[in-house]
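Asks: Dropping the structure in here first, questions after.
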Amino acid sequence: MKSKSFSQRCYDLLKKVPKGKITTYKLLAHALGTKAYRAVGNAMNKNPYPGICGVHKKEIPCHRVVKSNGEVGGFALGTKKKIALLGEEGIKIKNRKIENFEKFLHKF
DNA sequence: GCTTTGACACTAA
DNA sequence: CTTAGTGCCAAAG
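In my numbering, the protein residues as written are 64 to 171.
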């Protein structure tokens, strides 16, 4: 078996999130079988693909990862950019909070 | 191999 | 509601 790095697993799991849905660092980490909420974010920060998901395949929908309290969290290209991208997926943000957060929340 | 950093989570005040 | 403190884990220096 190929033991991929923790970050690699995060990306892979993240790619499983359907479009128009989001997940949280906590759920993501929990799905990986760990409590490394921060490590997940760390992996994204060092992000191999700062490009937004789209055209080609290797892009990672980093903008679909949000905080557990409903905030969008951070983003390498800027939180505003992240909000904009989420808006494109049909997710609205209100005062830095996601509307119907639980509704868009995808569980593994 | 220890120290520092960080796109977090949770609890207490 | 906000602020502060603690815990957690992985990657980089």
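Glycine included, every Cβ here is placed at the ideal spot set by N, Cα and C.
Excluding sequence positions up to five away, which residues of its chain have a Cβ less than 6 Å from the Cβ of Met107?
Replies: Around Met107: Cys125.
Asks: So what does Lys51 bridge to, in DSSP terms?
Replies: The requested residue 51 does not occur in the structure, where the chain is confined to residues 64 to 171.
Asks: Using the Cβ count rule (16 or more neighbours within 10 Å means buried), how would you classify Lys143?
Replies: When all chains shown are included, Lys143 counts as exposed.
Asks: List in chain order: all unbroken alpha helix (DSSP H) runs of 4+ residues lying wholly within the segment 84-116.
Replies: Counting only runs of 4 or more, we get 88-94, 100-108.
Asks: At what residues does the alpha helix (DSSP H) containing Gly150 begin and finish?
Replies: Element bounds for Gly150: 142-151.
Asks: With distance defined between alpha-carbon atoms, name the residue in Val129, Ser66, Gly153, Phe167 nearest to Thr87.
Replies: Considering only alpha carbons, the answer is Val129.
Asks: Assuming the contact rule is C-beta atoms closer than 8 Å, Val135 and Lys121 should be a hit. Round their C-beta distance to whole Å, please.
Replies: 23 Å between Cβ atoms; not a contact.
Asks: Looking at C-alpha atoms only, which residue of Phe69, Lys79, Glu152 is the closest neighbour of Arg101?
Replies: That would be Phe69, whose Cα lies nearest to the Cα of Arg101.
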